[in-house]
Amino acid sequence: MARVILKGNDAVVRGAILAGCRVYFGYPITPASEIAETAAYYMPLVGGVFLQAESEVAAINMVYGAAGAGARAMTASSGPGISLKMEGVSYIAGAELPCVIVSIGRGGPGLGNIAPEQGDYHQVVWGGGHGNYRNIVLAPNSVQEMADHGILAFALADRYRNPVFILTDGAIGQMMEPVEFPETVVTPPEKEWAVGVGAARRPNLISSILLDPDELEAHVAKLEEKYTRIVEQEVRAEAYELEDAELVVVAFGIVSRVARSAIEVLRKEGCKVGMLRPITLWPFPEPQLRELAAQERVQRFLTIEMSNGQMVRDVRLAVEGRKPVEFYGRTGGNIPTEVELIEQIRCQTEA
Amino acid sequence: MATEATAPKRKVRRRGYVVIREDECKGCGLCVAACPQEVLELQSKLNRYGYHPCRYKGAGCIACGICFYSCPEPGAITVFELEEGEEPPQS
Amino acid sequence: MDVKFAKPKSFYEIYERKPGANKEGIHYCPGCGHGIIHKMIAEAVQDLEIQDRTVVISPVGCSVFAYYYFDTGNIQSAHGRAPAVGTGVKRTHPDSIVISYQGDGDLAAIGTAEIVHAANRGEQMTVIFVNNAIYGMTGGQMAPTTLEGQRTTTTPYGRKKENEGQPVRVAELIDALEAPVYVERTTLSDVKGRTRTRKAIRKALKYQSENRGFSLVEVLSSCPTGWGVTPVDANQWIREKMEAVFPVGLLRDRAADIEARPLEPRPFVRENLHQLLEIPEPGTGDAQAAAAQGAGEMQHVDERYRNPRIKVAGFGGQGILFLGLGIASTGMELGYQVSWLPSYGPEMRGGTANCSVRVSSDLIGSPIVAETDILVAFNKPSLAKFEPDVRAGGVVFYDSSLIDASPQRDDIEAVSVPATQLADELGNTKAANMVMFGAIAEKTGLFSLEEVRQHLGGYIKKKKLIPLNERAIERGATYVREGA
Numbered sequence: 000m001a002r003v004i005l006k007g008n009d010a011v012v013r014g015a016i017l018a019g020c021r022v023y024f025g026y027p028i029t030p031a032s033e034i035a036e037t038a039a040y041y042m043p044l045v046g047g048v049f050l051q052a053e054s055e056v057a058a059i060n061m062v063y064g065a066a067g068a069g070a071r072a073m074t075a076s077s078g079p080g081i082s083l084k085m086e087g088v089s090y091i092a093g094a095e096l097p098c099v100i101v102s103i104g105r106g107g108p109g110l111g112n113i114a115p116e117q118g119d120y121h122q123v124v125w126g127g128g129h130g131n132y133r134n135i136v137l138a139p140n141s142v143q144e145m146a147d148h149g150i151l152a153f154a155l156a157d158r159y160r161n162p163v164f165i166l167t168d169g170a171i172g173q174m175m176e177p178v179e180f181p182e183t184v185v186t187p188p189e190k191e192w193a194v195g196v197g198a199a200r201r202p203n204l205i206s207s208i209l210l211d212p213d214e215l216e217a218h219v220a221k222l223e224e225k226y227t228r229i230v231e232q233e234v235r236a237e238a239y240e241l242e243d244a245e246l247v248v249v250a251f252g253i254v255s256r257v258a259r260s261a262i263e264v265l266r267k268e269g270c271k272v273g274m275l276r277p278i279t280l281w282p283f284p285e286p287q288l289r290e291l292a293a294q295e296r297v298q299r300f301l302t303i304e305m306s307n308g309q310m311v312r313d314v315r316l317a318v319e320g321r322k323p324v325e326f327y328g329r330t331g332g333n334i335p336t337e338v339e340l341i342e343q344i345r346c347q348t349e350a
Numbered sequence: 000m001a002t003e004a005t006a007p008k009r010k011v012r013r014r015g016y017v018v019i020r021e022d023e024c025k026g027c028g029l030c031v032a033a034c035p036q037e038v039l040e041l042q043s044k045l046n047r048y049g050y051h052p053c054r055y056k057g058a059g060c061i062a063c064g065i066c067f068y069s070c071p072e073p074g075a076i077t078v079f080e081l082e083e084g085e086e087p088p089q090s
Numbered sequence: 000m001d002v003k004f005a006k007p008k009s010f011y012e013i014y015e016r017k018p019g020a021n022k023e024g025i026h027y028c029p030g031c032g033h034g035i036i037h038k039m040i041a042e043a044v045q046d047l048e049i050q051d052r053t054v055v056i057s058p059v060g061c062s063v064f065a066y067y068y069f070d071t072g073n074i075q076s077a078h079g080r081a082p083a084v085g086t087g088v089k090r091t092h093p094d095s096i097v098i099s100y101q102g103d104g105d106l107a108a109i110g111t112a113e114i115v116h117a118a119n120r121g122e123q124m125t126v127i128f129v130n131n132a133i134y135g136m137t138g139g140q141m142a143p144t145t146l147e148g149q150r151t152t153t154t155p156y157g158r159k160k161e162n163e164g165q166p167v168r169v170a171e172l173i174d175a176l177e178a179p180v181y182v183e184r185t186t187l188s189d190v191k192g193r194t195r196t197r198k199a200i201r202k203a204l205k206y207q208s209e210n211r212g213f214s215l216v217e218v219l220s221s222c223p224t225g226w227g228v229t230p231v232d233a234n235q236w237i238r239e240k241m242e243a244v245f246p247v248g249l250l251r252d253r254a255a256d257i258e259a260r261p262l263e264p265r266p267f268v269r270e271n272l273h274q275l276l277e278i279p280e281p282g283t284g285d286a287q288a289a290a291a292q293g294a295g296e297m298q299h300v301d302e303r304y305r306n307p308r309i310k311v312a313g314f315g316g317q318g319i320l321f322l323g324l325g326i327a328s329t330g331m332e333l334g335y336q337v338s339w340l341p342s343y344g345p346e347m348r349g350g351t352a353n354c355s356v357r358v359s360s361d362l363i364g365s366p367i368v369a370e371t372d373i374l375v376a377f378n379k380p381s382l383a384k385f386e387p388d389v390r391a392g393g394v395v396f397y398d399s400s401l402i403d404a405s406p407q408r409d410d411i412e413a414v415s416v417p418a419t420q421l422a423d424e425l426g427n428t429k430a431a432n433m434v435m436f437g438a439i440a441e442k443t444g445l446f447s448l449e450e451v452r453q454h455l456g457g458y459i460k461k462k463k464l465i466p467l468n469e470r471a472i473e474r475g476a477t478y479v480r481e482g483a
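Residue numbers (numbering that gives the first Met the number 0), protein chains in the order written: chain B, 0 to 350; chain P, 0 to 90; chain X, 0 to 483.
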């Protein structure tokens, strides 16, 4: 297939439409707005629905309704907007509805700025909304993966009846790269449990309220059982130059791209450094990290993030204290440069 | 169910009959207050949920449905219309 | 003996979802208006024969458990969000009948935005708004519709307009919008009011079944428990107090002006999806693949310019990002790996703009260009800002018609191109970026002029602009080649 050059924010929507998504509800926010704009342009052409909602809260609740009615539904936003959506995400998780939410990270806290950041790791990966639930979180680091994850996310969402986040940053959202789309056109599965039209749908109830403590506990246990299956089956990570690595860099999103360039340079200098890039942030690639930590040659880990250090806690949990886990971060919307990372990685190696 | 618009006009007064499922009645008294014929009353006895349930006095109902639409319980009140000459069931 | 009035069939016979032993009675308190309204809705759903396509949305509040009772599709929603959830359902299944059942806290406080905008869109749904001037479920707190002076657990001295404002008149608020087809306020306080309510609910649902638009029926209803009075006295309180503040009556019925319209079919489009999405169709791509074979390691390019990291910078409006896209797009068509990363946001609206472009025969790690091989500067601030990032031996192209200084460093190559002036001579200063593209191609040999020309159509959407751009490219190349 020929390649086409697209923005990440654009590619994710076209991927989603190939995956059978025909419903999009959203609200404009930099640096995620092109997602809504692309959906607004293409949805009417493919028999789909696009609606600019009155708020982020309304948008996610429209997604709740559409997902409850059996559609492959999607929304997207950035930092402050994702915060607002969290109410709906909790309900979606509680009611076990499949949907896809794209989060294009920007600088925070508060209004912060619109430059790329990864400070939404906590709210997206560890919860954000109330109650006992988990999101599946994909972390694309290229425009190609934005397209691929737009497709994969819906497959995972339906497989587990769970909200799936695509968590990335303003740089991946805004940048353009060549993309190759698959030939396959997906028709979404029929969902017997959804509300809709026809006598067969009438008994269906979409709900997250379970007043009886024992019933709710049983429901939470059922969710946990599902989460365990997801942990067992859906961890994805990319290993780069890890075969003989003594220092393991852990990075995702745009940072993993810069780190890759830095590692290329350092490798030429003979520095035994490699990278583990989580592709799923939840489930987190704990097995891979645990295995690396058990390797005698691996001396330490260096987590690099565009945040104050959020993923590093997951890395430490996985490494279980077997090896030191260092952290280097930039905030404010600053992307670390290649030179900067070469310096950081080298320092860590010598330390 | 005939709507009001399509209900046939009658010369003779309609005669009805009310069945109250006592265990679904919460004794709120709205039907008693609403009944134009004053043929409903709350009983002094308690139902199994501790309410004084309503009862039909046994005669005088005109099947107007006012009690039905004043009652918050979906199934507590059923109103029947008697045919001409038909006698109400003995309760 | 004929059944004249009985429990509608669109209620469950037995309320299996309701916990506890009593599965035949509803959970509402004695005398509560919710049950009456439920009954009227169920009756209308039954009589209009829409039970199989009805979806009732249970809100947060006492009616959170509406799904115990209605033998229809049911969705429970977050507090205030029912109209948004209903929008999602209705847009997915336009032939469904959506009933958004909401109380006063749900609709008129926490869900104000959702109801106003659903109404304003003319969302094809029926909203039954139960106004009982109090929060029942949470134990009798103030609602947005609580009357002045009314005591609640959060207005223990009575609601004061100076502190809590005055009651919100929802029906009037919705009636201020253009789109709704039908808005009426009714009451449950007397026989006439209940008859009117029953008809209003039926009408609202009928209109939805005819796709006439958004309807809202506000029902003044009692909460004897929350108000601390008997059910019979509660009706009197509605008549005397509530109806004085919330006048009962029809606010609008525009059904006569709106045709009952059939649903427009919205088929799930599968055919020609790649074409519709403007992405390469299955079976294409041979040309690029062949180009990729030929592109190889960029051996034909002078070593200084091989796998370049390019920064293009200038004012917003100079076509900075577009030139970057042109370079990246041409590189892609020739089979290279490319990336294009813009500055974005407010700075691109009237301020400065820049983008990082990489063209590489290898997989691209960082798309961010800090150390720069090729800087293209269209204004003085950009030259000053990015010149220090140019690596020793790198090259700077600058628009000498707008920049009255030359680069300061002597370890870099400087190529002055009066791009804006040359473009002006071609009749359009906006072509300055493409003049520069021609100059870059000519100087670096990264792409041949023919290759640049050949792939213009890949990123220039307005085909009639292509001849101008071709001339601009040629002019820039000639300038570099001949120095004039």
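Cβ atoms here follow ideal geometry from the backbone N, Cα and C, with glycine treated the same way. Here the structure is a predicted model, which means the values were calculated and not measured.
Within chain P, no C-beta atom comes nearer than 7 angstroms to that of residue 239 of chain X; the closest sits roughly 15 angstroms away. The shortest CA-to-CA distance from residue 147 of chain B to any of B/11, B/302, B/307 is the one to B/11. At a cut-off of 8 angstroms between beta carbons, residue 107 of chain X makes no contact with chain P.
Residue 136 of chain X and residue 163 of chain X have their C-alpha atoms spaced approximately 20 angstroms apart. The C-alpha of residue 168 of chain B lies about 20 angstroms from the C-alpha of residue 314 of chain B. The residue among X/79, X/306, X/325, X/100 with its C-alpha nearest the C-alpha of residue 437 of chain X is X/325. When the Cα atoms are used, residue 88 of chain B and residue 77 of chain X turn out to be separated by approximately 11 angstroms. One finds 46 in chain B with Cβ atoms closer than 7 angstroms to the Cβ of residue 265 of chain X, taken in chain order.
The beta carbon of residue 29 of chain X falls within 8 angstroms of a beta carbon belonging to chain P, placing the residue at that interface.
In terms of Cα proximity to residue 298 of chain B, the closest of B/321, B/308, B/3 is B/321. In the structure shown, the three-state DSSP call for residue 88 of chain B is helix. Excluding five sequence positions before and after residue 205 of chain X, the CB atoms of its chain that fall closer than 7 angstroms to its own CB belong to 47, given in chain order. Going by beta carbons, residue 89 of chain X and residue 113 of chain X fall outside the 8 angstroms limit. Proximity to residue 61 of chain B across X/54, X/43, X/84 peaks at X/84, based on C-alpha coordinates. A residue is called buried once 16 or more other Cβ atoms fall within 10 Å of its Cβ, and residue 247 of chain X is buried on that count.
In this structure, residue 368 of chain X sits near residue 308 of chain X, with a CB-CB distance shorter than 8 angstroms. For residue 111 of chain B, the closest of B/125, B/80, B/91 by C-alpha to C-alpha distance is B/80. Closest in C-alpha terms to residue 134 of chain X, from the list X/180, X/227, X/392, comes X/227. Per DSSP, the unbroken beta strand (DSSP E) holding residue 57 of chain X starts and ends at 53-57.
If you check the CB distance, residue 29 of chain P and residue 230 of chain X come in under 8 angstroms.
Interface flag for residue 228 of chain X against chain P is unset, since no Cβ pair is found closer than 8 angstroms. Taking 9 angstroms as the Cβ-Cβ cut-off, the segment 204-221 of chain B approaches chain X at 204, 205, 206, 207, 208, 210, 211, 214, given in chain order. Annotation: residue 361 of chain X is outside any beta strand (DSSP E) and is labelled neither H nor E by DSSP. The beta carbon of residue 98 of chain X lies closer than 6 angstroms to those of 55, 125 in the same chain, with the five residues before and after it left out.
Using a CB distance cut-off of 8 angstroms, residue 27 of chain P counts as an interface residue toward chain X. CA-CA distance, residue 407 of chain X to residue 116 of chain B, rounds to 34 angstroms. A check of alpha carbon separations from residue 257 of chain X across X/339, X/242, X/181 identifies X/181 as the nearest. Inclusion of residue 337 of chain B and residue 300 of chain B in the CB contact set at 8 angstroms is not warranted, their separation being larger than that value. When C-alpha distances from residue 31 of chain B are compared across B/152, B/130, B/171, B/70, the shortest belongs to B/171. Of the residues assessed, residue 327 of chain B falls on the buried side of the cut-off, its CB having 16 or more other CB atoms within 10 angstroms. In this structure residue 194 of chain B is in contact with residue 74 of chain X, their Cβ atoms being roughly 6 angstroms apart against a cut-off of 8 angstroms. Checking the DSSP bridge columns, you'll see residue 398 of chain X partnered with X/416. Chain-ordered, the chain P residues with CB closer than 8 angstroms to the CB of residue 25 of chain X read 71, 72, 73. With fewer than 16 other CB atoms across the displayed protein chains lying within 10 angstroms of its CB, residue 269 of chain B is exposed. Shown here for residue 170 of chain X: same chain residues with a beta carbon closer than 6 angstroms to its own, the five before and five after excluded, namely 182, 184, 217, 250 in chain order. When secondary structure is reduced to three states using DSSP, residue 82 of chain B falls in the helix class.
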